[in-house]
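Heads up, the thing below is written out as structure tokens.
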Amino acid sequence: MTDELLADRYELAEVIGVGGMAEVRRAQDTLLGREVAVKLFAADTDLANARRFDNEVRILAGLSHPGLVSVHDAGTSGRTRFVVLRLVDGPTLRHRMAEGPLPVEEVRTLGAAVADALAHVHGQGVVHRDVKPSNILLDADGTPYLADFGLAHTIGSTRLTRTGLLVGTAAYIAPEQVRGAGVDSPADVYALGLVLLECLTGHCEYTGSDVETIVSRLHRSPVVPAHLPADLARLLTLMTSQSPADRPTARQCADTLRSGDLPTTVMRAPRRTALVATAAGILGALCLGWALAPDSAPPVSESPGTADPAVVVESTTTAPQPAAMSDTSPPATQQQTSDQVGAAAAQAQDTAQAQQAAPAQEPAPAQGPAPVQADGPGQGEGHGPGKKDEPPGQAKKDKP
Numbered sequence: 001m002t003d004e005l006l007a008d009r010y011e012l013a014e015v016i017g018v019g020g021m022a023e024v025r026r027a028q029d030t031l032l033g034r035e036v037a038v039k040l041f042a043a044d045t046d047l048a049n050a051r052r053f054d055n056e057v058r059i060l061a062g063l064s065h066p067g068l069v070s071v072h073d074a075g076t077s078g079r080t081r082f083v084v085l086r087l088v089d090g091p092t093l094r095h096r097m098a099e100g101p102l103p104v105e106e107v108r109t110l111g112a113a114v115a116d117a118l119a120h121v122h123g124q125g126v127v128h129r130d131v132k133p134s135n136i137l138l139d140a141d142g143t144p145y146l147a148d149f150g151l152a153h154t155i156g157s158t159r160l161t162r163t164g165l166l167v168g169t170a171a172y173i174a175p176e177q178v179r180g181a182g183v184d185s186p187a188d189v190y191a192l193g194l195v196l197l198e199c200l201t202g203h204c205e206y207t208g209s210d211v212e213t214i215v216s217r218l219h220r221s222p223v224v225p226a227h228l229p230a231d232l233a234r235l236l237t238l239m240t241s242q243s244p245a246d247r248p249t250a251r252q253c254a255d256t257l258r259s260g261d262l263p264t265t266v267m268r269a270p271r272r273t274a275l276v277a278t279a280a281g282i283l284g285a286l287c288l289g290w291a292l293a294p295d296s297a298p299p300v301s302e303s304p305g306t307a308d309p310a311v312v313v314e315s316t317t318t319a320p321q322p323a324a325m326s327d328t329s330p331p332a333t334q335q336q337t338s339d340q341v342g343a344a345a346a347q348a349q350d351t352a353q354a355q356q357a358a359p360a361q362e363p364a365p366a367q368g369p370a371p372v373q374a375d376g377p378g379q380g381e382g383h384g385p386g387k388k389d390e391p392p393g394q395a396k397k398d399k400p
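If you're matching positions, the sequence shown starts at 1 in UniProt numbering and goes up one per residue.
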């Protein structure tokens, strides 16, 4: 690789995204005469991260859908690994949402397109695991594209991180992930439901420190505004159900968003692998030691910005749990004691049990998440100079 030409073909230009293990640059494909986005991985990438790079490339190569950011090329130049992607000239959905709540019809159209892409991804046996506004890119016409498969996982394949790790983005992680029950396609549907709800309300449903944000969804379900059309309100309620079995498939979500007709039954695809969470595994998932890692796969967008922080959660127990794959494994930059997180999770469960035990009583005021303070600063470096692409009050990553 020269200073300006990668693999004797790609003329690199300005940086359009930066993450913990990679940066994305605009480039010119001198062979085909087109603009592309090139994701460059750090030259000192270790063996585990090199395997994750290969995994991401293989997953992208096996997916072909107009709603996905397609991969054109991949390889190694010197010690630098790279992926060449379609360039989407436009902002992320996070930037679009900064302008205020989106109209209902726009949310329907956008949500149906993203759900279509997810239906294709799930049909190929892949779970994205990081659906969030900064991973949805918009072109000049407002057409959305689902990007960043750095955390994606093929169901049934070998996990690339050690047992006890859970990855996702704090604001969009599914309840079953918090409970240590593993990740399947319903987790992506849950995350998309929260994204669409945020588009409509203009604010992130779960906020606070990373621990507070994640534990809070065990306290309560998202609040769906009463003024929404009945079919949309019902769909969002189903998409963000506590139980994965109650959520519709991505295909059903797309169909409902377009037609307004709710599915008569929730069609859940058969599980390809058995995901068994033992009592010890669930306890280990709730009593967590937290480590925040820089964002590993920045958005491919013309405008630089930061992605929502993604969280790497490590269990402090040795009980067997479904492993999760992170695109980075750097040293922890922030720690939470297991006692703090365990207390917050236990309080959430006690509150839920108390409410179930007294259904006839007047409902008590909603109880907020247990106050859990971070030992270190709650913000980390972003993808763009001096800009934040995170919901207000969110702590930093994968970087929910």
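Glycine included, C-beta positions come from ideal geometry on N, C-alpha and C.
Since the structure is predicted, the reported quantities are computational estimates derived from the model, not experimental observations.
Best match in the options for proximity to residue i [C-alpha to C-alpha]
i: G193; options: A98, V178, L138 and L232; result: L232
i: V195; options: G182, D148, V18 and I173; result: I173
i: H222; options: P229, Y206 and L235; result: The displayed chain sequence assigns Pro, not His, to residue 222. Comparing Cα-Cα distances from P222 to each of P229, Y206 and L235, the minimum goes to Y206.
i: S134; options: A27, V36 and R96; result: R96
i: E106; options: L138, G123 and S216; result: L138
i: D148; options: R129, G111 and A140; result: R129
i: I59; options: A226, L151 and D261; result: L151
i: V224; options: L63, V183, A115 and L238; result: L238
i: T240; options: A226, T76 and V189; result: V189
i: G202; options: L236, R94, V114 and V88; result: R94
i: I155; options: V114, A226 and V183; result: V183
i: L197; options: L228, A119 and L262; result: L228
i: D54; options: H153, A230, V178 and C204; result: H153
i: M21; options: A42, G208, G33 and Q242; result: A42
Residues of its chain near residue i, where Cβ-Cβ distance is below 6 Å and the 5 sequence neighbours each way are ignored
i: E23; result: V15 and L40
i: P244; result: E176 and P186
i: A191; result: V131 and Y172
i: A74; result: V57 and V83
i: L110; result: P144
Sub-8 Å separation of residue i and residue j beta-carbons
i: P175; j: L218; result: yes
i: R25; j: V38; result: yes
i: A27; j: A7; result: no
i: A112; j: R258; result: yes
i: G67; j: A140; result: no
i: P101; j: C199; result: yes
i: R86; j: V69; result: yes
i: H72; j: V36; result: yes
Environment of residue i [buried if 16+ CB atoms lie within 10 Å]
i: D255; result: buried
i: E99; result: exposed
i: P144; result: buried
i: S301; result: Unreliable placement is indicated for S301, whose pLDDT of 35 sits below 50; the coordinate value is still reported in the next sentence. Looking at its Cβ environment, which holds 16 or more other Cβ atoms inside 10 Å, S301 is buried.
i: Q124; result: exposed
i: R79; result: exposed
i: L31; result: exposed
i: R108; result: buried
i: A274; result: For A274, the predicted structure reports a pLDDT of 33, less than 50, and the residue's modelled location is therefore unreliable. The matter cannot be settled from this model.
i: R81; result: buried
i: P371; result: Note that P371 has pLDDT 37, beneath the 50 cutoff, so the model's placement of it is unreliable and no number is given.
i: A61; result: exposed
i: T76; result: exposed
i: A119; result: buried
i: G90; result: buried
i: G260; result: exposed
i: P359; result: Because P359 carries a pLDDT of 48, less than 50, the predicted location of this residue cannot be relied on, and no value is offered for it.
i: G33; result: exposed
Assigned secondary structure, residue i (DSSP; H/G/I helix, E/B strand, else coil)
i: F53; result: helix
i: G202; result: coil
i: Y145; result: strand
i: V121; result: helix
i: G33; result: coil
i: G168; result: strand
i: D8; result: coil
i: P304; result: Because the pLDDT at P304 is just 34, under 50, the model does not fix this residue reliably, and the value given afterwards should be weighed accordingly. Coil at P304, not helix or strand.
i: D73; result: strand
i: V224; result: coil
i: G180; result: coil
i: G17; result: strand
i: Q252; result: helix
i: E99; result: coil
i: T213; result: helix
i: L138; result: strand
i: A27; result: strand
i: R247; result: coil
i: A22; result: strand
i: H153; result: strand
Cutoff 8 Å; reference residue i; Cβ partners in own chain excluding five residues on either side
i: V104; result: L200, L228, P229 and L232
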